[in-house]
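Asker: Residue numbers (our numbering), protein chains in the order written: chain E, 1 to 180; chain S, 181 to 475. Glycine included, each C-beta is placed from N, C-alpha and C at the ideal position.
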Amino acid sequence: MMRPAHFAVILVLLFPLYSFSQKYTATEGFISFFSSAPLEDIMAENRKVSSLYNAGTGDIAFSVPINQFQFDKKLMQEHFNEKYMESEKYPRATFSGKIYGHTLSGTSPQQVMAKGKLSIHGVVREVEIPGTIEQRKDLLVMKSKFRVRLEDYEIKIPRLVWQKIAEEVEVIVDLTYIRQ
Amino acid sequence: MKLITAFFLTSCCINYLLAQDDLLAELDREKNDDPGYIIATFKGSRIINGQSVETRRKGELEFIFSHRFGLINEGAFTLWGLDQSITRLGLEYGITDRLGVGIGRTSVDRTFDGYFRYKVLRQSKSFPFTLTTLGSVYYRTSPRNSEIPVPLRAEDRLAYAWQLLIARKFNSRLSLQVNPVFVHRNTVDQTYENNDDFALGFAGRFKITRSVSVVAEYFKRLNARPNVPPDYLRYDAIGFGVDIETGGHVFQLLLTNTLGMFERYTITETYENFWDGDIHFGFNITRTFQLAGKR
Numbered sequence: 001m002m003r004p005a006h007f008a009v010i011l012v013l014l015f016p017l018y019s020f021s022q023k024y025t026a027t028e029g030f031i032s033f034f035s036s037a038p039l040e041d042i043m044a045e046n047r048k049v050s051s052l053y054n055a056g057t058g059d060i061a062f063s064v065p066i067n068q069f070q071f072d073k074k075l076m077q078e079h080f081n082e083k084y085m086e087s088e089k090y091p092r093a094t095f096s097g098k099i100y101g102h103t104l105s106g107t108s109p110q111q112v113m114a115k116g117k118l119s120i121h122g123v124v125r126e127v128e129i130p131g132t133i134e135q136r137k138d139l140l141v142m143k144s145k146f147r148v149r150l151e152d153y154e155i156k157i158p159r160l161v162w163q164k165i166a167e168e169v170e171v172i173v174d175l176t177y178i179r180q
Numbered sequence: 181m182k183l184i185t186a187f188f189l190t191s192c193c194i195n196y197l198l199a200q201d202d203l204l205a206e207l208d209r210e211k212n213d214d215p216g217y218i219i220a221t222f223k224g225s226r227i228i229n230g231q232s233v234e235t236r237r238k239g240e241l242e243f244i245f246s247h248r249f250g251l252i253n254e255g256a257f258t259l260w261g262l263d264q265s266i267t268r269l270g271l272e273y274g275i276t277d278r279l280g281v282g283i284g285r286t287s288v289d290r291t292f293d294g295y296f297r298y299k300v301l302r303q304s305k306s307f308p309f310t311l312t313t314l315g316s317v318y319y320r321t322s323p324r325n326s327e328i329p330v331p332l333r334a335e336d337r338l339a340y341a342w343q344l345l346i347a348r349k350f351n352s353r354l355s356l357q358v359n360p361v362f363v364h365r366n367t368v369d370q371t372y373e374n375n376d377d378f379a380l381g382f383a384g385r386f387k388i389t390r391s392v393s394v395v396a397e398y399f400k401r402l403n404a405r406p407n408v409p410p411d412y413l414r415y416d417a418i419g420f421g422v423d424i425e426t427g428g429h430v431f432q433l434l435l436t437n438t439l440g441m442f443e444r445y446t447i448t449e450t451y452e453n454f455w456d457g458d459i460h461f462g463f464n465i466t467r468t469f470q471l472a473g474k475r
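(1) By the DSSP assignment, the beta strand (DSSP E) with S:R268 in it spans what residues?
(2) Listed in chain order, which residues of the stretch 304-331 of chain S have Cβ atoms closer than 7 angstroms to some Cβ of chain E?
(3) E:H167 touches chain S at which residues, Cβ-Cβ below 8 angstroms?
(4) What residues in its chain sit with their C-beta under 8 angstroms from that of S:R209, if we drop five residues either side in the sequence?
(5) Report the rounded CA-to-CA distance for S:F309 versus S:A347, giving the unit in angstroms.
(6) Quick check on DSSP: helix, strand or coil for S:E254?
(7) By the criterion of Cβ-Cβ separation under 9 angstroms, what are the contact partners of E:N81 in chain S?
(8) Return the chain-ordered list of same chain residues with a C-beta closer than 8 angstroms to the C-beta of E:G58, the five sequence neighbours on each side being excluded.
(9) Who are the near neighbours of S:I388 in its chain, counting only those whose CB is closer than 7 angstroms to its CB and skipping five residues on each side?
(10) Mind listing which residues of the stretch 62-73 of chain E have their C-beta closer than 9 angstroms to chain S's C-betas, in chain order?
(11) Three or more C-beta pairs closer than 8 angstroms, one from the stretch 331-340 of chain S and one from the stretch 348-359 of chain S: is that the case here?
(12) Compare the C-beta of E:L52 against all C-beta atoms of chain A and say whether one is closer than 9 angstroms.
(13) Would you say S:D293 and S:Y319 are within 9 angstroms of each other, going by their C-beta atoms?
(14) Could you work out which residues of chain E lie near S:Q470, taking near to mean beta carbons separated by less than 8 angstroms?
(15) Among residues of its own chain, excluding the 5 on either side of S:R324, which ones have a beta-carbon nearer than 6 angstroms to its beta-carbon?
(16) Taking the straight line between their C-alpha atoms, what separation do you get for E:E88 and S:V281?
(17) What are the boundary residues of the beta strand (DSSP E) that includes E:Q70?
(18) With distance defined between alpha-carbon atoms, name the residue in E:K83, E:K145, E:A26 and E:S32 nearest to E:V112.
(19) Output needed for S:F454: all residues of its chain with C-beta closer than 6 angstroms, excluding positions within five of it in sequence on either side, in chain order.
(20) Tell me the residue span of the alpha helix (DSSP H) that contains S:A205.
(21) Where does S:N464 land, buried or exposed, given buried means 16+ other C-beta within 10 angstroms?
(22) Thinking just about the alpha-carbon of each residue, which of E:F71, E:N67 and E:F95 is nearest to the one in E:M85?
(23) What does S:E210 reach in chain E if we use C-beta pairs closer than 7 angstroms?
(24) S:R236 and S:T468: beta carbons closer than 9 angstroms?
(25) Taking C-alpha atoms, which residue in E:D72, E:T27 and E:F34 lies nearest to S:Q470?
(26) Decide if S:Q432 is buried, meaning its Cβ has at least 16 other Cβ atoms within 10 Å, or exposed.
(27) Counting only Cβ-Cβ distances shorter than 9 angstroms, please list the residues of the stretch 369-400 of chain S near chain E, keeping chain order.
(28) Closer than 9 angstroms, CB to CB, is E:P38 near chain S or not?
(29) Output the distance between the C-alpha atoms of E:A182 and E:V169, rounded to the nearest integer angstrom.
(30) For S:S225 and chain E, any beta-carbon pair shorter than 9 angstroms?
(31) Give every residue of the same chain whose Cβ lies closer than 6 angstroms to the Cβ of S:G284, excluding the five residues on either side of it in the sequence, and list them in chain order.
In structure tokens form, the structure reads like this:
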């Protein structure tokens, strides 16, 4: 016969396992980028992003297949892959790190900060990216907007189309996670 | 109590191990359904005079403007051939990413051409090459019947070609293509010529920088009849070129011994010999427009 005190102890002891089960996987949403330039705005959207978030530990990872960025102009998409991102050589952009400032309580969006390694075009950099997380029952909605300097990731801007491509692009993340 | 302690330790241990597990590695293990199709084996739908495996993507319209000038070895008097020029104007449209149709008109024999191409197989992570098939029809409107003693029937003016284009992009710089071609002309001078001709095309491109490549192309005629000078002379078509890509344009500057910008002429009617110095300067300029299929 188990006494209530023992039961409580077991619950507390089980907590580490419970925290592991706080794992979320992205099922919907997109990562897009936008670049404003005098001649032509360039934007593309990627709906094939995979991401895992462990709300217990704060660990987060993203994996973004570069060739799944969809452009209005398919030729631009080809150039993006072939000439700028070299996606056959560097097929994915990834982020792996930790989210700080998130607690699994309340429903209003929380301001959080992701710190970790962002890898684009084969270049890995330590970054801090601000964002929000909103809890909706079993779902988490993660949003972020940040800027990426092309030079930081050794993405060259050829002179011929200097006018066309800005040196910085704005990246928008909007993903919905479901608990595994 | 011992049991509980043991359980606690185990659970902590497991948790610790799992937390260490890299989420990114876990993502990589997820099923990856991207076949990894290879893109941009060649810059354009033409290599020099011949075709490439490339198709337009869905909703893309490509305008192709080509020129072949006179012979360079005519020298300064004709400005190295620039005084004369042969023109082909063409349009190609992508019905799907793999199926395209095209029309064109060349000033040689005032010939209209129409064709379709279909990308049957695509090179990917697991497949070694791209295969495109291309069928064309040519209709020459020159000479006009009023200009010749024996009028030509419509079928006499027609010719057809069928070809397979097999290409592999070996790495981001090097792509090679082989290309069996069959040309049928309804009406020929049978003293010298075949109605049916076969040729094997070889082509390659090597990227020098991101936007500039060098290309070469050679069509080996397989069943050519012997030359009978001076009445009948035919040679293999050869070309060398440089591709320069800028945004929506591709400029191809080239040197070749044929004036034909379509297979009937290139393969069966090229009458100048590259190795004798009978070389023409020319260019293809393509401009791509996205008409439909926007996201």
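Answerer: The structure says:
(1) S:R268 -> beta strand (DSSP E) spans S265 to G274.
(2) Listed by position, the residues of the stretch 304-331 of chain S near chain E (Cβ gap below 7 angstroms) amount to none.
(3) Correcting the residue identity first, residue 167 of chain E is Glu in this sequence and not His. For E:E167, no chain S residue has a C-beta closer than 8 angstroms to its own C-beta; the minimum C-beta separation is roughly 17 angstroms.
(4) Within the same chain, S:R209 has no close Cβ partners at all.
(5) Going from the Cα of S:F309 to the Cα of S:A347 covers about 6 angstroms.
(6) If DSSP states are grouped into helix, strand and coil, S:E254 belongs with the helices.
(7) Counting only Cβ-Cβ distances below 9 angstroms, E:N81 has contacts in chain S at I219 and A220, in chain order.
(8) Counting only Cβ-Cβ distances below 8 angstroms, and skipping sequence neighbours, we find K98, I99, Y100 and H102.
(9) So the qualifying residues of the chain are V394.
(10) Taking 9 angstroms as the Cβ-Cβ cut-off against chain S, the residues of the stretch 62-73 of chain E that qualify are F62, S63, P65, N67, Q68, Q70, F71, D72 and K73.
(11) The stretch 331-340 of chain S makes no contact with the stretch 348-359 of chain S, as fewer than three CB pairs between them are under 8 angstroms.
(12) The structure shown has no chain A; the protein chains it does contain are E and S.
(13) Contact: yes.
(14) Within 8 angstroms Cβ-Cβ: D72, K73, K74 and L75.
(15) So no residue of the chain qualifies.
(16) C-alpha separation (whole angstroms): 28 angstroms.
(17) Per DSSP, E:Q70 belongs to the beta strand (DSSP E) from F69 to F71.
(18) When each option's Cα is compared against that of E:V112, the closest is E:K145.
(19) Cβ neighbours of S:F454 beyond the five flanking positions: I418 and N437.
(20) That run of the alpha helix (DSSP H) goes L203 to R209.
(21) Buried.
(22) Of the candidates E:F71, E:N67 and E:F95, the one whose C-alpha sits nearest the C-alpha of E:M85 is E:N67.
(23) Within 7 angstroms Cβ-Cβ: S50.
(24) Yes.
(25) Taking S:Q470 as reference, the option from E:D72, E:T27 and E:F34 with the minimal CA-CA separation is E:D72.
(26) Looking at its Cβ environment, which holds 16 or more other Cβ atoms inside 10 Å, S:Q432 is buried.
(27) Residues are counted here when their Cβ sits less than 9 angstroms from a Cβ of chain E; for the stretch 369-400 of chain S these are T389, R390 and S391, given in chain order.
(28) When Cβ-Cβ separations below 9 angstroms define contact, E:P38 makes no contact with chain S.
(29) Limits of chain E in this structure are 1 at one end and 180 at the other, which puts residue 182 of chain E out of reach.
(30) By this cut-off, S:S225 is not an interface position.
(31) Hits under 6 angstroms: R268, G270 and D293.
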